[in-house]
Structures are given as structure tokens and as C-alpha cells.
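Okay, structure first, notes after.
Number of protein chains: 2
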Amino acid sequence: MTIERNKLGFALDGRDSTTMARAATITLARGTIQTPIFMPVGTVGTVKGLTPHELQDAGVQILLGNTYHLFLRPGTEVLQRHGDLHQFMRWDRPILTDSGGYQFFSLSRLCKYSDAGVVFSSHLDGSRHTFTPERVMQIQEAIGSDIHMQLDQCPALPATTEVLRGAMRRSAAWAMRSRVVAAEQRGALFAIIQGGTDLALREEHCAMLAGEDFAGFALGGLAVGEAPSEMYDVIEATTPHLPADRPRYLMGVGTPRDILEAIGRGVDMFDCVMPTRNARNGGLFTHGGKLNLKNARHLQDSAPPDAQCVCYTCCNYSRGYLAHLFRAQELLGPRLATIHNVAYYLSLVTGAREAILAGGFGAYRAACIAGWLEGEQERPSAG
Amino acid sequence: MTIERNKLGFALDGRDSTTMARAATITLARGTIQTPIFMPVGTVGTVKGLTPHELQDAGVQILLGNTYHLFLRPGTEVLQRHGDLHQFMRWDRPILTDSGGYQFFSLSRLCKYSDAGVVFSSHLDGSRHTFTPERVMQIQEAIGSDIHMQLDQCPALPATTEVLRGAMRRSAAWAMRSRVVAAEQRGALFAIIQGGTDLALREEHCAMLAGEDFAGFALGGLAVGEAPSEMYDVIEATTPHLPADRPRYLMGVGTPRDILEAIGRGVDMFDCVMPTRNARNGGLFTHGGKLNLKNARHLQDSAPPDAQCVCYTCCNYSRGYLAHLFRAQELLGPRLATIHNVAYYLSLVTGAREAILAGGFGAYRAACIAGWLEGEQERPSAG
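Quick mapping for you: the protein sequence lines, in order, are chains H and D. Quick note: the first sequence, position 84, residue 84 per the numbering used here, numbers continuous. Quick note: the second sequence, position 8, residue 8 per the numbering used here, numbers continuous.
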């Protein structure tokens, strides 16, 4: 076993009979993770509105933290004063931190790339900072996350082959520089595969890194403007070129449908703001498709948000009460909706795991999709 | 036993040896309440940010709901569609509803009083409505609260004797009209004593109502502009004129100090938005006085908000983490602060009850005040 990989254990528990879906157990010092898994986003040390105890109750096994945001606020000095991010926010299970690459993509007016790294201005106060591949690794180690992501360059799509190739080569070089730092750290390092929708570039990037002993591999640069079908094609063309004995993480994706499609194409790990962000706007993901709690017609409805869900929200409150909370702009509304959406995403991947282990993932995926369509047809104005 | 009073049982458990403080048990169909008691404000069917389960954990025995707000949103039709407010918000312990009188005071530009009642415009959409004493009782019965407050007229202070006397006489007449409706209802009726800071008017109002079989009596029209010492004087001069065998409720008051001073003057029940509203702005009430969580100097502090408190927040999180949440404007900050403040107010009155039963309320009050002053002297910039 090599230096990188022994920070993270990976055991394949099963493969689906007809798709590329797989179930595995990832072992880290702070706990084990059963895949496929969804990681809720806790940007600055909190999954918006929820306590760690509520996350545990919803079945959360690993959280994502944002290096860019945590670096700016509260800063690593404060985190280290309290021990690390785990102790600060009272979450003792694993945390994965991103590298900031995606934030630089979404705040691109404020940053400048070179082979050395990224110079950027804080979106909070305009202060200037430099992230190099090495520094980002050090920041993540100070944060105390269990899985570190390399600094990468994520181009917006559509992009020319030249741009995609440049970002891919730079990201590959930064992966190798990150690996040198990781050798001295506690956190396990994941490399990120770029290449946009160019399947040859994706394969080339895999070829450059797959032989190295990264603890895991991520697919970056997706869900940044391309069509879902294009994304599915990229995933399907890329995962076969990644080592079968290490986790595969699709960054920043996506809808429940996206997640099932990616699982069927061999992805193990996911993160996305969608369940938490949509919840704050009154949007619920349910076994019967999407539900808009701001719709007045729910006020009279004493049914739970999702009759097939066993989360705290669905066990205790009606659609009518939630609709009232959203219409009155009461804090409890976003909170109860977030509890449900996080639990729903976790139940979606837990169901996928069970189906994979039973060899019937294809049928599970089809049944989920049919349930969403059926529910939404019953509510034409759901919005 | 008369019609009104048998909806509510009142048993005196003890009196303090040197003050007018008393401890009692109030029995309602939905549960018993041990006094002195603080009722958190759940304006439109939610104590902002908290679940009923968190309220129970904080020791809450009875909630307050606002008739004016609930009438406008979600409306009694929606509440009755779900059963009542208890079922709608999943709170099965007692609820007291105010009558709207205070909302008309605070939104006075939008309403017009006559002997018949109050015509007002909704602060939400400008729609016009009329509250009569009778209608307000019917709305509260539809809401399903356990204790109904009569419609009253609450003048701003300072006010002329003529204004105070007019509001007092009208409120007394409305009390008697409310009583007729209450005879046919499940909810117990409390009358409200007005009279501003005019002690003779307060006594006169008591004399008009104390012989009637209201289930309890409230002191209204306080904390509306007068000095704390004036308020304490009014309480001290009024409670001796109220029946000793029924609960006394001081409406809309106040700071921890106000509550202890009022308990020492014979008050049993309190409500106030202060603990919940201040919490949302980062203001904590602690055994060591007030704490402003937005202050940057707390970021480094790994101590709990209140070392003497056993609430969920103080058992799990540091001042530093809370300060970070407030600075990053994260939803979890207001929520954790509200949990603490509600628990603190409940522990304050629970401590008062224990001290009263032990005959040492005066010493308890003095020790609380000393603790607040001592803590605040250690933090001159607490704000």
C-alpha cells in the first residue's frame, strides 16, 4: 500500500448486474462511508439551518466544506484555535473539502490563473489572496478535513479544445504538486479529472493520473452549462479509465435524476447545493417528484410532504403547515424543508446501494423516475 | 365552582416569606403549568426557528399565539381544516392567545376604536376587518387556544387621565361582553386590567372585575413607554386587588430583571418577544448578563455561551462557533441563540419557583441580579 491510499480504505461490496453501478465501503479515520453516497454542502461550517445531530438523523455520513469560504471566514486561525472544523462545528464524522477551484470558476471576474496558482479578490471585502496547489493543501490540512481536493482549473462550457486542454494540463500538473504535499499530511488526496465534454481529453487526463496513488478521483468541470445527456456521456466515457479500486466523485451534481444516472455509470460520491438551496426556497424533492411549498393550494393539505419519507419533517408536519411557514417567511420553514431534502437525497443513494447489492439497480432507477413523473402529472401546477 | 373558573384549576403551592411572590399549579385540559411561568411567543404558529420538540426540551409549558396575526395568516379556516392550532403546529400543551389589543396599539395608525369594537386594516394587504369583543372570542375558540384574552384597549403612555379612564371603562365593558361568549366555549377567559400608571384607575378597574368569575386576570398597558420603576409600582399596587385564588399575568414583559421584580410583586405568568427577538440579533441572556454574539472578540472563545446553562446550545457549541454563525449570517445562529434564550427564561422562572417554595425568593432575586452585574463588569464592551 502506498502513502496516499492507506489514509483511505476502499472495499468493493458489490456490482450491479446490468449497469456500471457499484457499492463500496470507504474507510477513514473518522468513520466509514457506504457508497453510493451524497454529501450535503456545509459551506462555512454549517449545513444551512441544521445541527450536526439533525444531519446524523437524516443519515448523513460525510459532509462537504468549502475551502475558499472557510479560509475567508472564520479563517484557519480561528478553526485551529478551536481544534479543527470538526470540533468547531461539532461534527465528528468525515468531512471532504473542495479546493476553491469551483468558487474561482463562479467568481471568475475576481481571479487570475497562472501556472503558479490563482490570485483572487475576496467576495467579502475585496482583499487579495493567492492560492497555489501547495497552499490549498495546507489550508485543508489546517481545516482538518479527511479528504482534500487538489486545486484545479474549471473552465466554463462551451469552451474551445485549446482552453479545455490548457485547463486539463494545468490541473494535472497541480495534482502532482498536491501529491507531494499530501505525503506529509493526514488528509487523503483526491485528484480531479477535467476535459469538459471532450471525451478524448477526459481519457487523456485519466491516463496522466490513473497510475498515480491518489486516494480517489473526481470528475470536475461538469454541470457548468452542458446538457444533462452530454454530462452522462462524459461520465460513461470517463469512469472506465479510472482505477476500479478507488472512489469516484462527481463534483457539484445534481438533481435526483442526475445522481441515479451517474451511479449507473460508475460514480460513488456526490455533493450538490440543490437539496439545501431549493429547500430554502420552498422546493421539496419527494418520491412523487418536486413540490413547491409556496403554492397556496397546499395550505389546506394535511398530508405529509412525502408520504413515503420517514424524516423528522414528514413524520411530524403537514404540507399545509409547511406552506403556511413559507408564506409567512418563518425560519422554521426552510429548516424543516432542508431536513426533508437532505433525508430524501440520502434515502435515494441508500436505496441505490440496496438495489446494487441485490443486482437490480436498473429497476430501482426506473421505478424512481416513474414515481417522479407520476406524482408531477397529478400536480400540473406544481412548478 | 362557576362556569368560567372550572375550565382552569388553580392551586397555590406556596408563598415566599418576605415578598409577594407565590408558586402555584394551573390545571388545564391540555396539561398543568407550574408558576411562575414564562410563555414564549409563537406569533403565527411557530416560535421563530424552533420546533415544538425543542420548546419542550427547553422546559416550555405553555405558548402564546397572536390572535391578530393568526386571523390574518393562515386564517381560522385553514386552522380548522387541520383541526386547530395545536394540531397544525404539533404542540399538544396549552396555548394562550392574546386578543389583538396590543397589535392595534402597536399598529395604531391602521385602526379605529368605538364602543362596538375595533375596525382595522391588515398590515399585510390593507384589507379592512372588524374585531368586536364577541368576535375575538370566537376567533380564539376557532384557533383552539386554552386561554383566551378579552379584547381590550391599550393606550400609549404617557396619556391623560381622561384617555386612561376611557380605555379602562371600555375594556371593563368588553370584559363583561366577552364573559357571555366564554360561557359557551372550551377556552378559559382572562380579563385585562388597564389604567396606565394611574394607581387609582388600576384599583378601580380591579374593583369592577375582581368579583366576576374570570379564570384569570392580566395586567395590560404596561411596558409601553413608562420607566421600569413606574411599572413595578403599578404591579405592586394592583395585585393586592386581584383575587388570590386566580392566576395573574403580566402581558408583554420583559427583561429578566423585570420578571423577577414582577414575581416579587405577586405575578404568576409572563410573555415577551425579548428572548426570541434578541436571540435573532445575536443577543444572549445569560447567568452573567447580556452577551452580544456579533462581537468579533468571541470568535476565539471556546467556552459555552453560558457555563451555568444546560440547554442544547450551551451543552454543544462554543461562543466562537456562535459568533462565526452570526458574522456569516447563517440560519443556525439565530436558532441556537433562541434555544438558549428560551431555556434561560424558563430556568429563571423555574429557579424563582424553587426559591419561593423554599421561602427564599428575595435572596434568589438578589443573587441573579448580582450575577448579571458581575458578568457584565467583566465584559465592559459587551454591548
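Don't be surprised by glycine CBs; every beta carbon is placed ideally from N, CA and C. Since we're looking at a predicted model, the values are computed, not measured.
Setting aside the 5 residues that flank it on each side, Arg-15 (chain H) is surrounded in the same chain by Arg-22, each with a C-beta closer than 6 Å to its C-beta; the list follows chain order. Per the coordinates, the alpha-carbon of Leu-28 (chain H) lies some 59 Å from the alpha-carbon of Val-224 (chain D).
Taking a C-beta distance under 8 Å as the contact criterion, Ala-337 (chain H) and Leu-250 (chain H) do not qualify as a contact pair.
Neighbourhood of Tyr-317 (chain H) in chain D, by CB distance below 7 Å: Arg-90, in chain order. A distance below 6 Å between beta-carbons, with the five flanking residues on each side excluded, links Phe-71 (chain H) to the following residues of its chain, in chain order: Ile-139. Per the coordinates, the alpha-carbon of Arg-327 (chain D) lies some 45 Å from the alpha-carbon of Thr-160 (chain D). Within the same chain, and ignoring the five residues on either side of Pro-155 (chain H) in sequence, the residues whose Cβ sits closer than 7 Å to its Cβ are Val-163, Leu-164, Ala-167, Gly-196, Gly-221. When CB distances to chain H are screened at a threshold of 8 Å, the residues of the segment 287-304 of chain D falling below it are Leu-299, Gln-300, Ser-302, in chain order. Around the beta carbon of Arg-128 (chain D), fewer than 16 other beta carbons sit within 10 angstroms, so the residue counts as exposed. According to the DSSP assignment, Cys-111 (chain D) belongs to the beta strand (DSSP E) that extends over 111-113.
Using beta-carbon distances, Pro-275 (chain H) does not count as an interface residue toward chain D, since no partner is under 8 Å.
Counting C-beta pairs with one atom in each stretch, the segment 144-153 of chain H and the segment 167-181 of chain H have three or more that are closer than 8 Å, which means they touch. Here Ala-156 (chain D) carries a coil assignment [DSSP, helix/strand/coil]. Here Val-118 (chain D) carries a strand assignment [DSSP, helix/strand/coil]. Taking 7 Å as the cut-off between beta carbons, none of the residues of the segment 140-166 of chain H comes near chain D. Counting only the Cα atoms, Gly-333 (chain D) lies some 18 Å from Gly-75 (chain H). Measuring C-alpha to C-alpha distances from Asn-316 (chain H) to each of H:Ile-339, H:Ala-296, H:Glu-330 identifies H:Ile-339 as the nearest. DSSP places Asp-258 (chain H) in the uninterrupted alpha helix (DSSP H) bounded by 256-263.
In this structure, Ile-193 (chain H) sits near Arg-202 (chain H), with a CB-CB distance shorter than 8 Å. Short of 7 Å from the beta carbon of Leu-260 (chain H), and not among the five residues preceding or following it, lie these beta carbons of its own chain, in chain order: Ala-352, Arg-365, Cys-368. A residue is called buried when at least 16 other Cβ atoms come within 10 angstroms of its Cβ; Leu-64 (chain D) meets this threshold and is buried.
Under a 10 Å Cβ-count criterion, Asn-281 (chain H) is classified as exposed, with fewer than 16 other Cβ atoms of the shown protein chains found around its own Cβ. Unbroken alpha helix (DSSP H) stretches of 4 residues or longer found wholly inside the segment 239-307 of chain H: 256-263, 274-280, given in chain order.
For chain H, none of the residues of the segment 183-213 of chain D brings a beta carbon within less than 7 Å of one of its beta carbons.
Chain H has a Cβ within less than 8 Å of the Cβ of Arg-335 (chain D). Going by DSSP, Asp-57 (chain H) is part of the alpha helix (DSSP H) stretching over 52-57. In this structure Ile-235 (chain D) does not touch Pro-36 (chain D) by the C-beta definition: roughly 13 Å separates them, more than the 8 Å allowed.
The Cβ atoms of Gly-359 (chain H) and Ser-106 (chain H) lie no closer than 8 Å to each other. Taking 8 Å as the threshold, the shortest C-beta distance from Pro-74 (chain D) to chain H falls below it.
Counting along the chain, no beta strand (DSSP E) covers Phe-326 (chain H); the unbroken alpha helix (DSSP H) around it starts and ends at 319-327. Following the DSSP letters along the chain, one finds Gln-34 (chain H) inside the beta strand (DSSP E) bounded by residues 31-35.
In summary, Ala-58 (chain D) is buried, with 16 or more beta-carbon neighbours lying within 10 Å of its beta-carbon over all protein chains present. Residue contact with chain D for Leu-8 (chain H): absent (no Cβ-Cβ distance below 8 Å to any residue of chain D). Shown here is that no member of the segment 55-70 of chain H has a Cβ falling below 7 Å from a Cβ of chain D. When Cβ-Cβ separations below 8 Å define contact, Glu-378 (chain H) makes no contact with chain D. Rounded to the nearest angstrom, the Cβ distance from Cys-272 (chain D) to His-241 (chain D) is 24 Å, too far for a contact under 8 Å.
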